[in-house]
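Written out below as structure tokens is the structure these notes cover.
In our numbering, the protein residues as written are 6 to 207.
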């Protein structure tokens with residue numbers, strides 16, 4: 006078979022030699038053009054293959070990134086659900102505590118209102134009692150003042166009467182005292198004379 010191919014090549018070469026030189030140039034140009042187109046296509050194909058490989062690599066990276074993001078999103082969702090559940094639990098706990106505290110405060114307010122009402126009632130009763138006691142004290146003081154005034158008048162009357170009696174008795178007894186005083190004076194005078202003393206010198 007190789008000899009046949011050589012013969013064919015020779016025949017084609019002979020045929021080419023038989024052709025005109027312009028046809029050879031045109032054929033050569035066409036051949037170069039086809040070769041360039043082929044190289045260009047090969048370059049484009051290689052470029053597209055590289056681009057496809059890069060795209061495939063980018064796609065794989067994006068898929069991995071997407072899977073990682075999906076896993077992260079799922080984790081975030083799980084975490085968000087857990088946080089939401091915890092927050093809901095805490096909210097319920099706080100709400101229950103607030104309700105219990107509110108009930109406790111309402112009970113304290115009710116008790117304080119009852120105590121206030123009791124204190125107000127007691128204060129009103131105490132005020133009325135104090136007013137009554139003050140009225141009684143004022144009445145007692147007025148009675149005592151009237152009694153003291155009456156007693157002062159009676160004592161004054163008794164004292165005046167007693168003084169009048171004393172003065173009357175003194176007036177009645179004065180002559181006797183005067184007489185006794187004169188006798189006593191005369192006796193002293195006589196005694197002084199007996200001792201040789203002058204009463205006027207003393």
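Ideal Cβ placement from N, Cα and C applies to all residues, glycine included.
1. Under 8 Å Cβ to Cβ from residue 195, same chain only, skipping five residues before and after it: list those, please.
2. Can you tell me whether residue 200 is helix, strand or coil according to DSSP?
3. How many angstroms separate the CA atom of residue 149 from the CA atom of residue 142?
4. In whole angstroms, what separates the C-alpha of residue 80 from that of residue 97?
Considering the structure as presented:
1. none
2. coil
3. 10 Å
4. 25 Å
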